[in-house]
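Student: The sequence shown begins at 0 in numbering that gives the first Met the number 0 and counts up by one.
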Amino acid sequence: MADKSVNELAQQVGRPVEKLLSQLVEAGLPARAATALVTENEQEKLVAHLRQSHGQSAPDTTQITLKRKTLGTAKVASSSGKAKTINVEVRKKHTFVKPDLAAQAAERAKLELEAKARIQASIQASAQEKAQDAKPADVKAAEEAAAAAAEKARAEADAKHQATLDAMRQQSDKKNVEKKEVVVKKRAAKIDETPEQKKEREAEAARLKAAEEAARRAAAEAAQQRTLEQMRQMASKYADGATPDRKIDDTAPLAAGLVGRAYEESFDKENRDIKRGAATAAGAGAGKGKGRNRSGRQEEQSFRQTPRGLKTSQSNKHGFEKPVEKQVYDVQITENIVVADLAQKMAVKVREVIKTLMKMGEIVTQDQTIDQSTASLVVEELGHNPVLVSDTAVEDKLMASVADRGNVKLRPPVVTIMGHVDHGKTSLLDYIRRTKVASGEAGGITQHIGAYHVETDRGVITFLDTPGHAAFTQMRARGAKATDIVILVVAADDGVMPQTAEAIEHAKAAGTPIIVALNKIDKESADPDRVLNELSVKGVTTEAWGGDVPIARVSAKTGAGIDELLDLISIQAELMELTASEEGAAQGIVIEARIDKGRGAVASVLVQKGTLKVGDLLLAGSFYGRVRAMTDENGKQVKSAGPSIPVEILGLPDAPNAGDEILVVSDEKKAREVAEFRADRERQNKIDRQSAMRLENIMAGMGKKDVPTVNIVLKADVRGSLEALTHALNDLSIDDVRVQIVGSGVGAITESDITLAESTGAAMLGFNVRADNAARLKSQEDGIDLRYYSIIYEMIDDVKAAMSGKLAPEHRENILGIAQVREVFRSSKFGAAAGCMVLEGVIHRNRPIRVLRDGVVVFQGELESLRRYKDDVNEVRAGMECGLGVKGYKDIQELDQIEVFEVHEIKRSL
Numbered sequence: 000m001a002d003k004s005v006n007e008l009a010q011q012v013g014r015p016v017e018k019l020l021s022q023l024v025e026a027g028l029p030a031r032a033a034t035a036l037v038t039e040n041e042q043e044k045l046v047a048h049l050r051q052s053h054g055q056s057a058p059d060t061t062q063i064t065l066k067r068k069t070l071g072t073a074k075v076a077s078s079s080g081k082a083k084t085i086n087v088e089v090r091k092k093h094t095f096v097k098p099d100l101a102a103q104a105a106e107r108a109k110l111e112l113e114a115k116a117r118i119q120a121s122i123q124a125s126a127q128e129k130a131q132d133a134k135p136a137d138v139k140a141a142e143e144a145a146a147a148a149a150e151k152a153r154a155e156a157d158a159k160h161q162a163t164l165d166a167m168r169q170q171s172d173k174k175n176v177e178k179k180e181v182v183v184k185k186r187a188a189k190i191d192e193t194p195e196q197k198k199e200r201e202a203e204a205a206r207l208k209a210a211e212e213a214a215r216r217a218a219a220e221a222a223q224q225r226t227l228e229q230m231r232q233m234a235s236k237y238a239d240g241a242t243p244d245r246k247i248d249d250t251a252p253l254a255a256g257l258v259g260r261a262y263e264e265s266f267d268k269e270n271r272d273i274k275r276g277a278a279t280a281a282g283a284g285a286g287k288g289k290g291r292n293r294s295g296r297q298e299e300q301s302f303r304q305t306p307r308g309l310k311t312s313q314s315n316k317h318g319f320e321k322p323v324e325k326q327v328y329d330v331q332i333t334e335n336i337v338v339a340d341l342a343q344k345m346a347v348k349v350r351e352v353i354k355t356l357m358k359m360g361e362i363v364t365q366d367q368t369i370d371q372s373t374a375s376l377v378v379e380e381l382g383h384n385p386v387l388v389s390d391t392a393v394e395d396k397l398m399a400s401v402a403d404r405g406n407v408k409l410r411p412p413v414v415t416i417m418g419h420v421d422h423g424k425t426s427l428l429d430y431i432r433r434t435k436v437a438s439g440e441a442g443g444i445t446q447h448i449g450a451y452h453v454e455t456d457r458g459v460i461t462f463l464d465t466p467g468h469a470a471f472t473q474m475r476a477r478g479a480k481a482t483d484i485v486i487l488v489v490a491a492d493d494g495v496m497p498q499t500a501e502a503i504e505h506a507k508a509a510g511t512p513i514i515v516a517l518n519k520i521d522k523e524s525a526d527p528d529r530v531l532n533e534l535s536v537k538g539v540t541t542e543a544w545g546g547d548v549p550i551a552r553v554s555a556k557t558g559a560g561i562d563e564l565l566d567l568i569s570i571q572a573e574l575m576e577l578t579a580s581e582e583g584a585a586q587g588i589v590i591e592a593r594i595d596k597g598r599g600a601v602a603s604v605l606v607q608k609g610t611l612k613v614g615d616l617l618l619a620g621s622f623y624g625r626v627r628a629m630t631d632e633n634g635k636q637v638k639s640a641g642p643s644i645p646v647e648i649l650g651l652p653d654a655p656n657a658g659d660e661i662l663v664v665s666d667e668k669k670a671r672e673v674a675e676f677r678a679d680r681e682r683q684n685k686i687d688r689q690s691a692m693r694l695e696n697i698m699a700g701m702g703k704k705d706v707p708t709v710n711i712v713l714k715a716d717v718r719g720s721l722e723a724l725t726h727a728l729n730d731l732s733i734d735d736v737r738v739q740i741v742g743s744g745v746g747a748i749t750e751s752d753i754t755l756a757e758s759t760g761a762a763m764l765g766f767n768v769r770a771d772n773a774a775r776l777k778s779q780e781d782g783i784d785l786r787y788y789s790i791i792y793e794m795i796d797d798v799k800a801a802m803s804g805k806l807a808p809e810h811r812e813n814i815l816g817i818a819q820v821r822e823v824f825r826s827s828k829f830g831a832a833a834g835c836m837v838l839e840g841v842i843h844r845n846r847p848i849r850v851l852r853d854g855v856v857v858f859q860g861e862l863e864s865l866r867r868y869k870d871d872v873n874e875v876r877a878g879m880e881c882g883l884g885v886k887g888y889k890d891i892q893e894l895d896q897i898e899v900f901e902v903h904e905i906k907r908s909l
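Okay, structure coming up:
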């Protein structure tokens, strides 16, 4: 602490100058200006005054207090004799006093004098012994020499003792230099010393000071060299890429010198005391346990050692500091958001959000979702800024990045052939393509969407063939959305059927122009006028009847009217001016997708914009991958596909859903982000649907008995067929029996599918797929019902039969006969007996009966006896009298009717 001016001292302690001047006066120091100096003594007086004014005593620098708390466990015997574990906490407090350097120096000097005195006494004793042996003439000379030597030694000891005291006084207290100089002068004045002694003392003091200074400099240089060497070693390690490992020596002492040794001794003593106490407790427990643990082995004690270290004022201080002001966040809110996610975005606890929602009248949990408007109100209520974003923001951003394209050109039209089943759609397309597709279809019906492009004299036309079965509604809807023109095929001998009307609705919903193809016009039973009348009823008025819908009378068998149909398609395409760009990233739609055992996921896609090439990074629904190969509908390898061209592609990790959009992207990171977003959205939608269905089933099943269920594991060849079959089978469910599809997928039947069917008791159904060897063997071992189908009718009929077997039989009553009570006879032995006349039918003794009174059933049971005169009989016919007794019913009255009936069980079917 050096002398400082008032301004410097005020700046150092962070106080105003005026306040510091007033405190100096209060401390009893003389008043001074702001530029005046404050000595070290005055600063110490000021600090002492301030501590005393604040109720603090001066710090005791002569002692140190060490505290230690040790936590551990010990096993002791309880009152019942069983061993239990208790927590042990040992607290120790040790105070060490700093030794007085001046007192130690005086003690050492005193010890040195005593040692020198003992040495001198021994020297004198040895001299006296020698003098006794010497001649008498030499005795006096020896005594004089010994006396001179003793006097000289005493003078040297006094000089060294005085020099040591002076050096200790100079180093003991550096804060009181002036006081020490005064004391030294006073003591020097009192001591009578010669100039030679003074000169020797000053030389000795200078020599000690120089030696101390040289030792200090040497220690500082050595420390600096060690630091530089450590820095060089660390730098070389970091340069080699290695991370230095810090090794902590647990055996190193906590402190050096007397304090460290005392600290270690106290720790060792505490450990010994703890172990000794634990052993005593264990021994006492063994004594109380009546002979337990007779082997004498003490139970093992476990202690949890706390890390050793001296506590400081910062030891218990928390590392987190509360922000000075509230943080306001821009919270992005989608159309639906989970309460827990909303709280996390605002950096608040979930209960605060739930409390705010309760104030608004919404009772929700942290796992429930809330809409965008409610979430924005909550964000504003909590003082943050809501930012409304769309759920499709990621997809919209990706679409915007590929929006720029080159010049547009005319493209081929995409034509979808729709209509009722067996009206000749595929046969008509076969004639145009000059192929035999219909002959290869199972059952002669189309069960997939087929995509073909045909080169005609009027240009290239792309055809999509859709199935006509009622189960393939979703396929027809996708075909209508992905097409430019719809050809509605109607059989001239059959007319408008349910799927014909459905195709008309899909085409109108998509806003697609319709061309009517009146097929089978060559048959004798054809009635075109009736068909046109039925079409007009459905809102399709042809040009022959004054409407705007073109019509072509064709025959897929003879080829009549095919050229006229192609002309109508070309004219309609020219009127629509269909254009697309062949440049830029390709866009399109998935027509169909399947899993091929040898090739993996195979997707049939229709390119709508741009050009799709081999090697492009393709995003299809929730999957993405590079196009490894492309083939046309004939299986021929192609390198690229332009607008309105259907192709099959390989390279996706899994089969996408039919109807998913495809897009070629350049950044794999964006493709992965969009694919994961779509997968999460699809999974959440599935969970919501399952939750809703589960809730509906619970509400519908309240108060009802358990409904029998037919469990099915379904595998199909393509996504479209799987979707159609799933809807068709779910539609078979009724109130008495339900169909539950516990598992479904695309591709061959695997062993895991058989395991799922076994665990759920389900039937394994395959549509146009087969089981592999492992799955077939497992199904035989486990007795799983494994069935293959290639026609959708057969699968639906078999499932209906299985559901019929689950239906409870219907009970139908048949009345056998009716008798009227004419008179009642009562007897103490037999009770009440009724004399009756059989009005109609036959009264049987072994059939159930009802007792009717005024047309109301009053009892239902069975007959106890039936007699004709005195004879017991089994039956009595109409027009005859009889006597009967009702078992368990004695309140028969006159004019009651006895109705005899039987119950028949009738097997139900769907």
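The C-beta atom is built at its ideal place from N, Cα and C for all residues, glycine as well.
Mapping DSSP to helix, strand and coil, what is TYR328?
Tutor: Translated into positions along the sequence shown, residue 328 becomes position 329. Coil.
Student: For ALA585 and VAL485, which I take to be in contact (beta-carbon distance under 8 Å), what is that distance rounded to the nearest angstrom?
Tutor: Reading the sequence shown from its first residue, position 586 is the one you call residue 585. Reading the sequence shown from its first residue, position 486 is the one you call residue 485. Going by Cβ atoms, the distance from ALA585 to VAL485 rounds to 25 Å, so no, they are not a contact pair.
Student: What's the call for VAL338, buried or exposed, on a 16-neighbour Cβ count within 10 Å?
Tutor: What you label residue 338 is simply residue 339 of the sequence shown in a count that begins at 1. Under this definition VAL338 is a buried residue.
Student: Which whole-angstrom value is the C-beta distance of ILE969 and ALA73, which I expect to be below 8 Å?
Tutor: Residue 969 lies beyond the residue range present for the chain, which begins at 0 and ends at 909; the question has no answer from this structure.
Student: Can you have a look at LEU70 and say buried or exposed, based on whether 16 or more other CB atoms are within 10 angstroms of its CB?
Tutor: As a working mapping, residue 70 is identified with position 71 in the sequence shown. Exposed, by the Cβ-count rule.
Student: Just to confirm my understanding: we take THR749, look at its own chain, exclude 5 residues before and 5 after, and list those with CB closer than 6 Å. What are they?
Tutor: Working through the sequence shown from its first residue, we reach residue 749 at position 750. Within the same chain, THR749 has close Cβ partners ALA774.
Student: Can you tell which of LYS869, GLY884, GLU809, GLU228 has its C-alpha closest to the C-alpha of ARG907?
Tutor: Walking along the sequence shown from the start, residue 907 turns up at place 908. The option with the nearest alpha carbon to ARG907 is GLU809.
Student: Hey, could you find the ends of the beta strand (DSSP E) HIS843 is sitting in?
Tutor: Mapped onto the sequence shown, residue 843 falls at position 844. It spans 830-843 - the beta strand (DSSP E) in which HIS843 sits, taken as one unbroken run.
Student: Using only CA atoms, which one of GLU88, LYS81, GLN62 lies nearest to LYS962?
Tutor: Since the first residue shown for the chain is 0 and the last is 909, residue 962 is missing from the structure and cannot be characterised.
Student: Using DSSP with H/G/I as helix, E/B as strand and the rest coil, what is GLN371?
Tutor: The sequence position of residue 371 within the sequence shown is 372, counting from 1. Helix.
Student: Hey, is the stretch 569-587 in contact with the stretch 635-647, meaning 3+ C-beta pairs nearer than 8 Å?
Tutor: These segments touch.
Student: At the level of alpha carbons, what is the spacing between GLU745 and ARG529?
Tutor: Residue 745 sits at position 746 when you count from the first residue of the sequence shown. Residue 529 sits at position 530 when you count from the first residue of the sequence shown. Correcting the residue identity first, residue 745 is Val in this sequence and not Glu. Cα to Cα, VAL745 sits roughly 43 Å from ARG529.
Student: Going by DSSP in three states, GLY911 sits in which element: helix, strand or coil?
Tutor: For residue 911 there is no data in the structure shown, the boundaries of the chain being 0 and 909.
Student: Pull up the CB-CB distance for THR725 and SER743, whole angstroms please, since I reckon it's below 8 Å.
Tutor: Against the sequence shown, residue 725 aligns to sequence position 726. Against the sequence shown, residue 743 aligns to sequence position 744. Going by Cβ atoms, the distance from THR725 to SER743 rounds to 6 Å, so yes, they are a contact pair.
Student: Applying the criterion that 16 or more other CB atoms from any shown protein chain within 10 Å of the CB defines a buried residue, is MET230 buried or exposed?
Tutor: Taking the first residue of the sequence shown as position 1, residue 230 is located at position 231. Looking at its Cβ environment, which holds fewer than 16 other Cβ atoms inside 10 Å, MET230 is exposed.
Student: Rounded to the nearest angstrom, what separates GLN892 and PHE824 at their Cα positions?
Tutor: Mapped onto the sequence shown, residue 892 falls at position 893. Mapped onto the sequence shown, residue 824 falls at position 825. Their backbone Cα atoms lie some 10 Å apart in a straight line.
Student: PRO385: buried (16+ other C-beta within 10 angstroms of its C-beta) or exposed?
Tutor: As a first step, residue 385 is located in the sequence shown; it is residue number 386 there, counting from the start. Counting Cβ neighbours within 10 Å, PRO385 comes out buried, since at least 16 surround it.
Student: Consult DSSP for ARG303 and reduce its assignment to one of helix, strand or coil.
Tutor: Position 304 of the sequence shown holds residue 303. Below a pLDDT of 50, predicted positions are generally treated as unreliable, and ARG303, at 46, falls in that range; the measurement from the model is reported next regardless. ARG303 falls in the coil class under three-state DSSP.
Student: Considering only the alpha carbon of each residue, which of VAL349, ALA346, GLN498, GLY558 lies closest to ARG433?
Tutor: Along the sequence shown, read from residue 1 onward, the residue named residue 433 stands at position 434. Per the Cα distances, GLY558.
Student: Let's test the definition: count the other Cβ atoms within 10 Å of the Cβ of MET794 and tell me whether it reaches 16, buried, or not, exposed.
Tutor: The sequence position of residue 794 within the sequence shown is 795, counting from 1. Buried is the call here.
Student: Determine which residues share a DSSP beta bridge with VAL712 and list them.
Tutor: In the sequence shown, residue 712 corresponds to position 713, counting from 1. BP columns for VAL712 point to GLY742, MET763.
Student: Count the other CB atoms within 10 Å of the CB of ILE905; is the residue buried (16 or more) or exposed (fewer)?
Tutor: Sequence index remark: in the sequence shown, residue 905 carries index 906 (1-based). Looking at its Cβ environment, which holds fewer than 16 other Cβ atoms inside 10 Å, ILE905 is exposed.
Student: Tell me which same chain residues have a C-beta within less than 8 Å of the C-beta of VAL414, skipping the five on either side of it?
Tutor: One-based indexing of the sequence shown puts residue 414 at position 415. Only ILE460, THR461, PHE462, LEU463, THR482, ASP483, ILE484, VAL485, ILE486, ILE568 meet the Cβ criterion.
Student: Three Cβ pairs or more, each shorter than 8 Å: is that satisfied between the stretch 598-612 and the stretch 421-432?
Tutor: Judged by Cβ distances under 8 Å, the stretch 598-612 makes no contact with the stretch 421-432, as fewer than three pairs qualify.
Student: Does ASN86 come out as helix, strand or coil in the three-state DSSP assignment?
Tutor: Within the sequence shown, residue 86 is the residue found at index 87, counting from 1. Strand.
Student: Excluding five sequence neighbours on each side, which residues of the same chain lie with their C-beta closer than 6 Å to the C-beta of VAL736?
Tutor: On the sequence shown, position 737 is the one that residue 736 refers to. Only PRO707, MET802, LYS805, LEU806 meet the Cβ criterion.
Student: Buried or exposed, going by whether 16 or more other CB atoms sit within 10 Å of the CB of GLU901?
Tutor: Looking up residue 901 in the sequence shown gives position 902. GLU901 is exposed by the Cβ-count criterion.
Student: Do you know offhand how far LYS507's Cα is from GLY620's?
Tutor: In the sequence shown, the residue the question calls residue 507 occupies position 508. In the sequence shown, the residue the question calls residue 620 occupies position 621. Their Cα atoms are separated by approximately 26 Å.
Student: Between LEU565 and the rest of its own chain, which residues show a CB-CB distance below 7 Å, the 5 nearest in sequence each way excluded?
Tutor: Here residue 565 refers to the residue found at position 566 of the sequence shown. Hits under 7 Å: THR455, ARG457.
Student: Quick one: what does DSSP say ASP272 is sitting in, helix, strand or coil?
Tutor: Walking along the sequence shown from the start, residue 272 turns up at place 273. ASP272 falls in the helix class under three-state DSSP.
Student: Which stretch, first to last residue, makes up the beta strand (DSSP E) that contains THR69?
Tutor: Along the sequence shown, read from residue 1 onward, the residue named residue 69 stands at position 70. Residues 62-76.
Student: From the DSSP secondary-structure annotation, give me the bridge partner or partners of ASP870.
Tutor: The residue you call residue 870 lines up with position 871 of the sequence shown. ASP870 pairs with ARG867.
Student: Measure the alpha-carbon distance for ASP249 versus ALA47 and round it to whole angstroms.
Tutor: The residue labelled residue 249 in the question sits at position 250 within the sequence shown. The residue labelled residue 47 in the question sits at position 48 within the sequence shown. Residue confidence is low: ASP249 scores 47 on pLDDT, short of 50, so the model does not pin down where it sits. Its coordinate-derived value is still stated next. Cα to Cα, ASP249 sits roughly 41 Å from ALA47.
Student: What are the start and end residues of the alpha helix (DSSP H) that includes GLY719?
Tutor: On the sequence shown, position 720 is the one that residue 719 refers to. Start and end: 718-729.
Student: When we look at the beta-carbon of ASN772 and count the other beta-carbons within 10 Å, is it buried (16 or more) or exposed?
Tutor: Locating residue 772 in the sequence shown gives position 773, where the first residue counts as 1. Exposed, because fewer than 16 other Cβ atoms sit within 10 Å of the Cβ of ASN772.
Student: Would you please state the rounded distance, in angstroms, between the beta carbons of LEU862 and ASP871? I believe it to be under 8 Å.
Tutor: Position 863 of the sequence shown, counted from the start, is the residue given in the question as residue 862. Position 872 of the sequence shown, counted from the start, is the residue given in the question as residue 871. Their Cβ separation, rounded to whole angstroms, is 11 Å, which puts LEU862 and ASP871 out of contact at 8 Å.
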